[in-house]
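Structure, as C-alpha cells:
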Amino acid sequence: MKTNDVILQTTTKIIFFIIFLFSIHIFFAGHYTPGGGFVGGLLTASGIVLLLLAFDLKTVTTALPINYTVMTAIGLLLALSTAAGAIFFNVPFFTHAFDYFHLPLLGKQSLHTAMLFDTGVYLVVVGVTMTIIQSIGADD
Amino acid sequence: MMVFFWVMVILISLSMLAFIYRLIVGPSIPDRVVALDSLGVALICMIGLFSILVDTSFFLEIILLLAILAFIGTVAFSKFLEKGEIIQRDNDHS
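Residue numbers (the UniProt record's numbering), protein chains in the order written: chain A, 1 to 140; chain B, 1 to 94.
What follows is the structure in C-alpha cells.
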C-alpha cells in the first residue's frame, strides 16, 4: 500500500529543532533548576528518533554523519578527565570549582567545572541511546 | 477560586479512569493508542492544575517534556500500525 507521509515529514523538520533547542535549555538549566546532562541527552536522542521515524535510517545517517560509538568514548573521556583533574590540585576526586565572571552580552554568570562533566554525560547518553536504537531498528 | 481548581482535578481524574478503562478493554489496537495519547494529555492538564495549586513554575518544563514524549510515542505507534515497522532501513517508494 502506498502511503503518504508529507505532513509528518514537514512537521518533523520544524519540531526537531524545537526539541533540540529545548534539550539545550534543559542542559544549561541543570545546575540550579531541574534538568542536566542526562535529560538533555535523552531529549536530543528523542529528537533524532523522531527524524528516524519520519524519514529512514539511510537519510538520517547521510544528514547526521556521526559515529555514536566514538561519541560515547569522547563523552566518557571528558567526564573522567574532568573528575580526575581535581586530583592535581590536592583536593579529593570529583571536587568541582566555580567562579563568577562578567561575560559580554550575558552579564554576571557563574562558570562551573561541573558543566564540563555534564557535557560528558550528555555525549554518553546521546551516544548510548542512539547506538541501542540504531542497532535494534536496523534489524530487518 | 481554589474550589474550582479542585473540582477540575476531580473531573480530570474521572476522565483518566475512563481512559484507563478504554486502554484495558479497548476492542481494537487504534482505540488503545488513542486512549494512551489522551491519557498523556490528561496528565499534562493535571500537572498544569497542580502547578497552579502549589504556585510554582518548576513543573512547566515537565509539561513540555511529557508533551514531546507523548507526541513521539503516538507517532511511533501510528507508524507501526500503518506500515508494520517503526524504523525503515531504506525509503524506496519516494
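All residues carry an ideal CB built from backbone N, CA and C; glycine is no exception. Just so we're clear, the structure is a prediction, and the values are computed from it rather than from any experiment.
Would you kindly work out how many angstroms separate the C-alpha atoms of residue i and residue j, rounded to a whole number?
i                      : j                      : result
residue 4 of chain B   : residue 71 of chain B  : 29 Å
residue 33 of chain B  : residue 64 of chain B  : 20 Å
residue 39 of chain B  : residue 84 of chain B  : 24 Å
residue 127 of chain A : residue 67 of chain B  : 24 Å
residue 137 of chain A : residue 129 of chain A : 12 Å
residue 109 of chain A : residue 29 of chain A  : 12 Å
residue 125 of chain A : residue 114 of chain A : 16 Å
residue 23 of chain B  : residue 31 of chain B  : 7 Å
residue 75 of chain B  : residue 69 of chain B  : 10 Å
residue 55 of chain B  : residue 9 of chain B   : 15 Å
residue 64 of chain A  : residue 78 of chain A  : 22 Å
residue 40 of chain A  : residue 3 of chain A   : 33 Å
residue 52 of chain A  : residue 48 of chain B  : 31 Å
residue 27 of chain B  : residue 81 of chain B  : 15 Å
Along the chain, where does the alpha helix (DSSP H) containing residue i start, and where does it finish?
i                      : result
residue 100 of chain A : Careful: residue 100 of chain A lies outside any alpha helix (DSSP H), inside the beta strand (DSSP E) at 98-103.
residue 23 of chain B  : 2-25
residue 30 of chain B  : 29-53
residue 74 of chain B  : 60-83
residue 19 of chain A  : 6-28
If you follow the beta strand (DSSP E) that residue i is part of, which residue opens it and which one closes it?
i                      : result
residue 107 of chain A : 107-112
Output yes if chain C places a C-beta closer than 8 Å to the C-beta of residue i; else output no.
i                     : result
residue 90 of chain B : Of the chains in the structure shown, none is chain C; the protein chains are A and B.
At least 3 beta-carbon pairs within less than 8 Å: the region 81-98 of chain A vs the region 11-21 of chain B: Look at the beta carbons and you see the region 81-98 of chain A not touching the region 11-21 of chain B: under three pairs across the two are nearer than 8 Å.
Every unbroken alpha helix (DSSP H) inside the region 42-67 of chain A [4 residues or more]: The region 42-67 of chain A is shown to contain whole alpha helix (DSSP H) runs of 4 or more residues at 57-63, in chain order.
Three CB pairs or more closer than 8 Å across the region 28-42 of chain A and the region 108-121 of chain A: Output reads yes: the region 108-121 of chain A touches the region 28-42 of chain A.
The region 14-25 of chain A contacting the region 41-58 of chain A, beta-carbon criterion three pairs below 8 Å: As far as the Cβ criterion goes, the region 14-25 of chain A touches the region 41-58 of chain A, which means the pair count is three or higher.
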